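Have a look at the structure below before the remarks.
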Amino acid sequence: MKEEKKKNKRWVRRRHAIITSLARSSFAFVVKAKTHVKVQKFDTRKGGPYLILYNHQTAFDQFFVGMATKGAVYYVATEDIFSMGFVSKLLKYAVNPIPIKKQTSDVKAIMTCLRVAKEGGTICLAPEGNRTYSGRTEYINPSIVPLAKKLGMPIALFRIEDGYGVQPRWSDKFRKGKMRAYVSRVIQPNEYSQMSNDELYKAICDELHVDEARVTGTFKHRNKAQYLERALYVCPKCGLSDLYSHKDEIKCQRCGLRATYTDTKQLIGKDCDFPFEFVRDWYDYQTDYINSFDPLSHTEIPLYTEEVDLSEVIPYKKKKSICKKSEIALYGNRITIKTGKEIMEIPFEQASAITVLGRNKLNIYFGDKIYQIKGDKRFNALKYVHLYHRHKNITKGDENGKFLGL
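When you line the sequence shown up against my numbering, it's residues 641 to 1046, in that order.
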């Protein structure tokens, strides 16, 4: 009897719409004060429910969607937010997000989306799966197309512009500047039913593609470059390196190369002709460098060693601290984590996924465990993801593969 009752319990509940409506004005005030965003209204109650797809630029993107829409929206969110104890229970009660395992094929998440659609709920997700580090929309997995067609809902493409100028992923600070968020196009089921998968994929990618490697206004803050080393770890002069930021400047600690990050998002060399105008240009150089790098020739001496906090994520429950001061070492074919006298070795070919969360946390999916690595403020999690995928591409015979996990 209990099993039958649990099975028939609805995902979409009336309280979600009530709580969202009551909270909307409060969080809209806070979000506007922080980001100076201009949000264009879009009533999901007319012609809906919808599948809302958005490009991912800031930590507040879901709030922009909430400010634009009416009624409840069911956001697809990574399992990390479901592992925070009481806070996770509160979120589940209030808005019931749809959990998904990052960078993995999550059949359960797909089934939940189908369930929510059947119950008349609007679903929202970022098909990139990651916030952009470069200012340009990241890789969108083509699997979004069969999911969209299976759901059979109108697709609302929600475009966010200049969010990277206001709050780059690598920064803790909001800059004073303008941005906007709006539904740029709605594709109805009768329209995309006539489209091939490739055509629909192209339509989604084109509409959500935003590239902020251009001057679009000013974004002011006295610490504009601070923590840029969370996104960058390759120096154009000396290769794999250690970068350090302070106020509006980024510096290579090995060769001394320096650049200033300006109010217009442009980079200007200090006492040199700097080779990149925007972070995107440097980021592209970095990915090209890794895609020509031979990780298999770097298996004896670590490329990097760092002190980190090590935890285990218990999915949908909590995070369990393992060791506050661990030593992580990155090799071309593995990661090792030293906790006291013990050393855990994680060969890349045995890890099912390595992903970056938030600004600079690292999740390692190894066996039936999920390990979370949290370094200091300047920790760069991205290099672990990039090296893992470079090794993966080479060992599966795709040496010219370009995808590095984001």
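Using N, Cα and C, we set each Cβ at its ideal position, and we do this for glycine too. Since the structure is predicted, the reported quantities are computational estimates derived from the model, not experimental observations.
Report the rounded CA-to-CA distance for Asp949 versus Ile1013, giving the unit in angstroms.
6 Å
Which residues mark the beginning and the end of the beta strand (DSSP E) in which Asn1003 is found?
Lys1001 to Phe1006
With distances taken Cα to Cα, identify the nearest neighbour of Ser932 among Asp903, Glu778 and His1031.
His1031
Let me check understanding here. Comparing Cα to Cα, which of Arg776, Asp903 and Ile1034 lies closest to Phe814?
Asp903
So, is Val919 buried or exposed, given that buried needs 16 or more other C-beta atoms within 10 angstroms?
buried
Report the rounded CA-to-CA distance for Ser666 versus Asp846, giving the unit in angstroms.
33 Å
Just verifying my parser: in three-state terms, what is the DSSP assignment at Ser665?
helix
Does the segment 781-793 come within contact of the segment 749-761, defined as at least 3 CB pairs closer than 8 Å?
yes
Using a Cβ-Cβ cutoff of less than 6 Å, which residues in the same chain neighbour Asn695 once the five nearest sequence positions on both sides are dropped?
Thr777, Ile800, Leu848 and Val850
Label Pro987 either buried or exposed according to how many other C-beta atoms from any shown protein chain fall within 10 Å of its C-beta, with 16 as the threshold for buried.
exposed
Thinking C-beta only, is Ile692 closer than 9 Å to Glu719?
no
Separation of Met819 from Ser951, as counted between CA atoms
36 Å
Pick helix, strand or coil for His1029, following the three-state DSSP scheme.
helix
Three-state secondary structure (DSSP) of Lys645
With a pLDDT of 47 at Lys645, under the threshold of 50, the modelled position of that residue is not reliable, and no figure is offered here.
Which first and last residues belong to the beta strand (DSSP E) in which Pro739 is found?
Ile738 to Ile740
Around the Cβ of Val785, are there at least 16 other Cβ atoms within 10 angstroms (buried) or fewer (exposed)?
buried
Would a C-beta distance cut-off of 9 Å place Val716 and Leu765 closer than the cut-off?
yes
So the candidates are Ile983, Ile1004, Thr979 and Gly972; which of them puts its Cα closest to the Cα of Asn1033?
Gly972
In this structure, what does DSSP give as the bridge partners for Gly879?
Cys875
Start and end of the alpha helix (DSSP H) containing Gln1012?
Counting along the chain, Gln1012 falls outside any alpha helix (DSSP H), though it belongs to the beta strand (DSSP E) covering Lys1009 to Lys1014.
Within this structure, are the beta carbons of Glu940 and Glu967 separated by less than 9 Å?
no
Considering just the uninterrupted stretch of the alpha helix (DSSP H) at Ile784, what are its terminal residues?
Ile784 to Leu791
Grab the span of the beta strand (DSSP E) containing Glu947 for me, first residue to last.
Tyr944 to Ile954
Is the CB-CB distance between Ile714 and Ala796 below 9 Å?
A small fix is needed here, since residue 714 is Tyr in this sequence, not Ile. Not a contact, by the Cβ cut-off of 9 Å.
Exposed or buried, Arg654, counting other C-beta atoms within 10 Å across all chains shown (16 or more means buried)?
exposed
When you compare the CB positions of Tyr638 and Ala865, do they come within less than 9 Å of one another, or not?
Because the chain is modelled from 641 through 1046, residue 638 falls outside the range shown and cannot be assessed.
Leaving out the 5 sequence neighbours to the left and right, which residues in its chain are closer than 7 Å to Tyr901 when beta-carbon positions are compared?
Lys864, Ala865, Leu868, Asp888, Ile890 and Leu907
Once the 5 residues before and after Lys1023 are set aside, which same chain residues still bring their CB inside 6 Å of it?
Tyr873
Return the bridge partner residues of Tyr715 from the DSSP annotation.
Cys764
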